Amino acid sequence: MNFNEIKLAVRQFYEQFCETNNFVSLYKTVVGGKCPEVCPIYQQIASLKLLANSVNCGFDCVEIQRTQQNIPQTVADAFARHFWYSQWTLSELFLANIPIAGQDAFFLFVVGLCDDAWQNDTRFIEIFAEQGEFIGATDLYCDRHVR
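Below, the structure is given as structure tokens:
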């Protein structure tokens, strides 16, 4: 497949998922484990999660899963960029490989947990092709198509 065909296949996958499962987002199925019956096959590659050791306090630690496999440099750089930025914001990251039309596609979910009218309220997916080409990005919760 050439890049335009891969890009079209990913867009069709995402749009079909959203239309078929309008009650749950791709983020909630892949990252949150909601509605496993509609979750696509995926492989978790890396993540950064905010955790709380105590019920009475906010986030006081992070759980980091570093990539243990070879991934395209552009995908690794994107994860590293958001990882670096997360040191100063309340944000979580989740990088997954979702096979689409016989090709691997990398989905980087970035979720800010604070709405302060600045940059902490980010909720988007960056999507990359198997060789690391940037396919597009979309907002997680606004039912927007991949751009």
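The numbers in the sequence shown follow my numbering, run straight up by one, and end at 211. Beta carbons: idealized from backbone N, C-alpha and C, even for Gly. Treat the numbers as computed from the prediction; the structure is a model and nothing was measured.
Note to self: Check for me: the alpha helix (DSSP H) holding ILE70 runs from which residue to which?
What the structure shows: 67–84
Check: Relative to the alpha-carbon of GLN108, which residue among LEU172, GLU197, ASP203 and ASN86 has its alpha-carbon at the smallest distance?
Finding: LEU172
Item checked: Unbroken alpha helix (DSSP H) run spanning ARG145, endpoints -> 137–150
Checklist line | Neighbourhood of TYR91 by C-beta, 6 Å cutoff - its chain only, sequence neighbours within 5 removed | finding: PHE173 and LEU204
Note to self: Can you give me the C-alpha to C-alpha distance between VAL175 and GLN133, rounded to a whole angstrom?
What the structure shows: 23 Å
Notebook entry, point to check: How many angstroms separate the CA atom of LEU157 from the CA atom of HIS146?
Noted result: 8 Å
Checklist line | Reference GLU194, options VAL126, SER150 and ALA165, closest by Cα | finding: ALA165
Next item on the list: In the DSSP assignment, find the beta strand (DSSP E) that holds THR202 and state where it starts and stops.
Entry: 198–203
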